[in-house]
Amino acid sequence: MKYVSVAYKNEVTGEYTGRAYSYTTELPLKKGDKVIAPTYKGNSPAIVVNDNVPEGMIDERWADKLRAITQYQSEEAEPDGCC
Numbered sequence: 003m004k005y006v007s008v009a010y011k012n013e014v015t016g017e018y019t020g021r022a023y024s025y026t027t028e029l030p031l032k033k034g035d036k037v038i039a040p041t042y043k044g045n046s047p048a049i050v051v052n053d054n055v056p057e058g059m060i061d062e063r064w065a066d067k068l069r070a071i072t073q074y075q076s077e078e079a080e081p082d083g084c085c
C-alpha cells in the first residue's frame with residue numbers, strides 16, 4: 003500500500019484543480035494518472051498529483067480513515083455521482 007494525492011475534476015471547467023487530497027492505493031499509480039476517487043458525495047474523477055506521499059506526511063489521526071483508490075477512469079463511462 004502507498005499514499006497518493008489527487009486533485010478532483012472541476013465540474014464547471016472540466017479541469018483538475020483545487021487542493022490535493024490523500025488516499026491509499028494498491029494500484030501502481032504515477033503522477034498524471036486519471037482515477038476514480040471515492041468521496042463523501044460519491045465517486046469523483048481525479049488526477050494523481052503526487053504518487054509517493056511519505057507516510058510521515060499523513061496525519062496519524064486520519065490515516066486509518068483514508069479511502070482507497072481502486073480504479074482508473076474509463077473513457078467510456080462517467081463514475082457514479084459525477085457531472
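Using my numbering, read the sequence shown as starting at 3 and increasing by one per residue.
Virtual Cβ for every residue (Gly too), placed ideally from N, Cα, C.
1. Thinking C-beta only, is V51 closer than 8 Å to K32?
2. Going by beta-carbon coordinates alone, are K4 and A48 separated by less than 8 Å?
3. So, for R21: in the same chain, excluding its five sequence neighbours on each side, which residues have a beta-carbon less than 8 Å away from its beta-carbon?
4. So V14 and V55 are in contact, right, with Cβ under 8 Å, and what is the actual spacing, rounded?
5. Which residue marks the beginning of the beta strand (DSSP E) containing V55, and which one marks its end?
Taking the geometry as given:
1. no
2. no
3. A9
4. Actually they do not touch by this definition, with Cβ atoms about 28 Å apart.
5. 44-55
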